[in-house]
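In our numbering, the protein residues as written are 938 to 1106.
Here a beta-carbon is modelled for each residue, glycine too, at the ideal position from N, C-alpha and C.
Predicted, not measured: the structure shown is a model, and the values here were computed from it.
Have a look at the structure below before the remarks.
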Amino acid sequence: MTDSKTLILNHQQIENKISRIAYQIYEKNYEEKEIVLVGIADRGYVLAKKLNKVLQQISSLKIKLAELTLDKNAPQENKTIQFSIPLNELNNQSVVLVDDVLNSGKTLIYGVRFLLDFPIKRLKTVVLVDRSHKRFPVQADFVGLSLSTTLQEHINVEFAEANDAVYLC
C-alpha cells in the first residue's frame, strides 16, 4: 500500500454537501417541532454538529444533538455503547443517525440497531461518503458523495478548522 492520498472533496465542497444534506433533512422533517441528530463518535458526531449549525440557520426546528459511542471493531458488544443524552429523550422523536463514511455498513447498522430499541417516530441515516462496499443490509438516506472504491482503498475524512477534506488513500 502506498502512502499517497488523493483529494476527493475539499473544504468548500464538503460545506456544500453538508448544506444540501441539511436542506434534505429539513425537507423530510419540516412538520416536526424537534429532531434528534445522533452522531457516531468521532467524525460522525463532528458531521452532526456541522449539520446542526446549518439546520439552525435554515429552519425553526429545535435540535437535540447526541453522540453515540460504540466500539467500531466490536459494535455488537452493547456494554461498550455510550449515549450522551438521556435515552428517554428519544421517545416519539424523529431521529437522524450521522456517520462520516459508509464502508461495510457494520457501524451504521449497529447504530440503527441501538436506536430501534426505543420508541422513536422515524429514523433516517446520513453519511458524507458512501463507498458502496456494504456487507450489511443498510443504506444511507442522505449521502454527500457516492464513490466506488476498491477494497484496498480507504476513505479518510479530516475535519479541521476551515480546512476539512476527504481523501482516497
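Give me the Cα-Cα distance between residue i and residue j, rounded to the nearest whole angstrom.
i: Leu-988; j: Glu-952; result: 10 Å
i: Glu-971; j: Asp-1101; result: 28 Å
i: Asp-1054; j: Ser-941; result: 42 Å
i: Glu-1098; j: Lys-986; result: 13 Å
i: Gly-1081; j: Val-1094; result: 12 Å
i: Gly-1042; j: Ile-995; result: 30 Å
i: Lys-1009; j: Lys-1071; result: 15 Å
i: Glu-1090; j: Val-1038; result: 13 Å
i: Gln-1019; j: Thr-1086; result: 31 Å
i: Gln-1076; j: Ile-955; result: 18 Å
i: Glu-968; j: Phe-1079; result: 18 Å
i: Glu-964; j: Leu-974; result: 15 Å
i: Ile-962; j: Phe-1073; result: 24 Å
Going by beta carbon distance, what residues of the same chain come within less than 6 Å of residue i, once the five residues before and after it are set aside?
i: Met-938; result: Any reading at Met-938 is ruled out, since the residue's pLDDT is 45, under 50, leaving its predicted position unreliable.
i: Ala-959; result: Leu-988, Val-991 and Leu-992
Residues in its own chain within less than 8 Å of residue i by CB, not counting five upstream and five downstream?
i: Leu-1084; result: Ile-945, Val-1066, Asp-1067, Arg-1068, Ser-1069, Ile-1092 and Leu-1105
i: Leu-1088; result: His-1070
By the 10 Å Cβ neighbour count, where 16 or more other Cβ atoms means buried, how is residue i classified, buried or exposed?
i: Asn-1029; result: exposed
i: Ser-997; result: exposed
i: Leu-1024; result: exposed
i: Lys-999; result: exposed
i: Leu-1052; result: buried
i: Thr-1044; result: buried
CB-CB under 7 Å to residue i, same chain, minus the five flanking residues each way: which ones, in chain order?
i: Phe-1096; result: Arg-980 and Val-983
i: Asn-947; result: Ala-1102
i: Asn-966; result: Ile-972, Leu-998 and Ser-1031
i: Pro-1056; result: Asn-1028 and Asn-1029
Tell me whether residue i counts as near the ligand FMN, meaning its Cβ is closer than 7 Å to at least one heavy atom of that ligand.
i: Val-1064; result: By its list of ligands, the structure shown contains no ligand whatsoever, and the ligand FMN lies outside what it can speak to.
Go to residue i, then tell me how far its alpha helix (DSSP H) extends in each direction, as first and last residue.
i: Thr-1044; result: 1043 to 1052
i: Ser-956; result: 948 to 966
For residue i, report the span of its beta strand (DSSP E) as first-last.
i: Ser-1031; result: 1031 to 1039
i: Ala-1003; result: 999 to 1006
>> Taking 8 Å as the cut-off, does the region 961 to 978 touch the region 989 to 1007 (at least 3 CB pairs, one atom from each stretch)?
In response: yes
> Are the region 1017 to 1034 and the region 1043 to 1062 touching by the rule of at least three beta carbon pairs closer than 8 Å?
Replying inline: yes
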